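Protein sequences appear in the order of chains A and B.
Per the working numbering, residue 11 is the first one in the first sequence, and the count goes up by one each step.
Per the working numbering, residue 11 is the first one in the second sequence, and the count goes up by one each step.
Beta carbons: idealized from backbone N, C-alpha and C, even for Gly.
Remember, it's a predicted structure, so these values are computed and weren't measured experimentally.
Okay, so here's the structure we're looking at.
2 protein chains.
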Amino acid sequence: MSVQERKQRERAERERLIVATARELAEQQGWDAVTTRRLAERIEYSQPVLYSHFRGKREIIGAVALEGAAELAAAVRAATSAADGPREQVAALARAYLDFAARNPAVYDALFQLDGGLAYAQEDTPEPLKDAFAALLESLGEVAGDGVHPGLFTEMFWASLHGLATLTRAGRLLPEDAAQRVELLVDRLAVV
Amino acid sequence: MSVQERKQRERAERERLIVATARELAEQQGWDAVTTRRLAERIEYSQPVLYSHFRGKREIIGAVALEGAAELAAAVRAATSAADGPREQVAALARAYLDFAARNPAVYDALFQLDGGLAYAQEDTPEPLKDAFAALLESLGEVAGDGVHPGLFTEMFWASLHGLATLTRAGRLLPEDAAQRVELLVDRLAVV
DNA sequence: TCGATTGTCTAGCGATGCTAGGATTCGAGT
DNA sequence: ACTCGAATCCTAGCATCGCTAGACAATCGA
């Protein structure tokens with residue numbers, strides 16, 4: 011039995027290597043540079059090995075996305091728990107979210123821009139995605155305001171952050187005033 | 011001279027045909043289906059003809075984006091001018107914007123998701139893009155609130171709309187509550 | 001030690017964006 | 001009216017993409 015277990019371990023290890031390498035390559039040179047050939051070369055295996063772990067490139071993107079969702083949730087929770095008062099918590103959340111998007115553009119793309127074959131906003135949505143939304147909800151729900159559904163408010167707030175993140179990174183918004191825009195957004199949206 | 015003029019006209023006409031066909035194909039089957047071969051076949055010319063009009067696929071996307079920017083600006087202005095009062099103008103603007111994004115997903119992608127090789131937020135930004143932003147600014151500047159820079163406010167509002175548009179269309183947000191989210195956004199962001 | 005199963009690789013398919021170079025058409029000048 | 005040059009267009013091909021079939025080798029159970 012031990013032999014099989016060792017093989018399973020090695021296989022899982024290789025799968026992590028694939029995901030980590032894909033992520034690394036994407037952050038370095040963008041997702042366009044993440045081709046199955048290059049990826050295979052970097053992990054020092056042949057192309058078909060990738061397909062014994064994932065159905066295709068999409069699933070690899072999806073795996074990076076799930077990894078990123080967990081990190082995003084952790085980053086948001088760390089930021090909010092270190093802040094005092096609802097207003098400051100929300101501001102910290104917004105900054106942490108945008109900071110994550112700016113620091114991990116490829117991961118953010120995998121999560122929200124590319125097709126990773128993941129289900130969103132449904133029952134069969136993977137746990138890390140649900141949890142990332144939950145992390146937002148925890149702080150944002152408290153500033154939704156009277157009579158406003160916390161989930162709906164969170165969705166709207168999240169969408170605003172997402173818009174700022176993507177437009178800024180795509181060069182549609184100048185990054186200089188990013189901080190001011192965040193402050194303005196928090197001031198208006200959060201009811202304290 | 012007349013001969014040359016006729017040729018120029020025909021050439022311009024063919025360029026319009028390329029852009030219109032690319033847009034049509036993208037709306038029908040998505041941008042992935044817009045390959046140079048399919049596009050060439052639809053316009054009943056060979057592939058290299060495309061490259062005598064545009065540097066490559068990117069520029070074709072860019073051309074569709076510029077066309078879309080003009081339409082978006084017109085749609086926004088039509089909606090705001092038909093509404094009474096600042097609050098209702100902003101709500102109409104938001105609805106018109108999201109409606110445009112939902113009705114013309116491929117054009118919206120060309121504008122804000124794909125790389126059309128266009129410059130944004132700079133001096134050499136094409137006029138239609140500047141004008142689309144100006145259309146937003148005209149109405150949104152009035153509800154920025156005291157001491158808030160109208161341009162900055164418009165950028166933030168625009169980012170929020172963009173986030174709602176993209177997340178909804180990508181299946182990250184359920185479309186059922188779209189209207190509620192818009193109303194909430196307008197209520198919070200617009201100072202009347 | 002043998003046979004079967006598992007694991008991996010080489011080679012190749014169809015499709016992509018883009019381009020070189022030849023063929024054809026067309027207009028200008030005599 | 002005729003020829004020649006230039007503009008115009010197409011055929012064919014390149015490198016690369018995601019993905020897969022089928023051959024080969026390594027490994028395990030008997």
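Using a Cβ-Cβ distance under 9 Å, would residue i count as near chain B?
i       : result
F163(A) : yes
D141(A) : no
V86(A)  : no
M11(A)  : Because M11(A) sits at a pLDDT of 48, beneath the cut-off of 50, its placement in the model cannot be relied upon, and the following sentence gives the value as read from the coordinates. No, no contact with chain B.
T171(A) : For the record, residue 171(A) in the displayed sequence is Leu; it is not Thr. Yes, contact with chain B.
W168(A) : yes
V158(A) : yes
L60(A)  : no
L199(A) : yes
Measure from the C-beta of residue i to each C-beta in chain A and report whether the shortest distance is under 9 Å.
i       : result
R105(B) : no
D109(B) : no
F122(B) : yes
R65(B)  : no
L76(B)  : no
Q99(B)  : no
T46(B)  : no
A131(B) : yes
T176(B) : yes
R191(B) : yes
L195(B) : yes
V202(B) : no
Spatial neighbours of residue i within its chain, please: C-beta separation below 8 Å, excluding the five flanking residues on both sides.
i       : result
L177(B) : L183
N114(B) : E37, G78, E81
Y130(A) : L139
M11(A)  : Any answer about M11(A) is weak, because its pLDDT of 48 lies below 50 and its placement is not dependable; what the coordinates show is given next. Once the five neighbours on either side are set aside, M11(A) has no close Cβ partner at all.
V74(A)  : V29, A32, R33, A36, A116, V117, A120, G126
G95(A)  : V202
E193(B) : A101
L128(A) : G72, A75, L76, T135, P136, L139
D141(B) : A79, A80, A83
What whole-angstrom Cβ distance do residue i and residue j have, given they're in contact under 8 Å?
i       : j       : result
P138(A) : A89(A)  : Wrong, their Cβ atoms sit about 18 Å apart, outside the cutoff.
D109(B) : L162(A) : Their Cβ separation, rounded to whole angstroms, is 20 Å, which puts D109(B) and L162(A) out of contact at 8 Å.
Y145(A) : R87(A)  : First, the residue type needs correcting, since residue 145(A) is Ala and not Tyr in the sequence shown. Yes, A145(A) and R87(A) are in contact; Cβ-Cβ is about 5 Å, under 8 Å.
E165(A) : R191(B) : 6 Å
A112(A) : A102(A) : So it is not a contact: roughly 15 Å between Cβ atoms.
Q39(B)  : R47(B)  : About 14 Å separates the two Cβ atoms, so there is no contact after all.
S170(A) : S170(B) : 4 Å
A198(A) : R198(B) : Looking at the sequence itself, residue 198(A) is Arg, so the reference to Ala does not match. Sure, about 5 Å apart at Cβ, within 8 Å.
Just to confirm my understanding: we take residue i, look at its own chain, exclude 5 residues before and 5 after, and list those with CB closer than 6 Å. What are they?
i       : result
A154(B) : P160, F163
I71(A)  : A120, L124, G126
F64(B)  : I70
W168(B) : L146
So, at 7 Å on beta carbons, what are the nonlocal neighbours of residue i in its own chain, with the 5 sequence-adjacent residues on each side left out?
i       : result
V100(B) : S149, L150, V153, V196, A200
H172(A) : F122
W41(B)  : A116, D119, L124
Y107(B) : V86, L171
L52(A)  : What sits at residue 52(A) in the sequence shown is Arg, not Leu. Cβ neighbours of R52(A) beyond the five flanking positions: T31, L35.
V59(A)  : A50
Short of 9 Å Cβ to Cβ, which residues in the stretch 178-189 of chain A face chain B? T178, A180, G181, R182, L183, L184, D187
Any residues in the stretch 11-31 of chain B with a beta carbon nearer than 9 Å to a beta carbon of chain A? Which ones, in chain order? none
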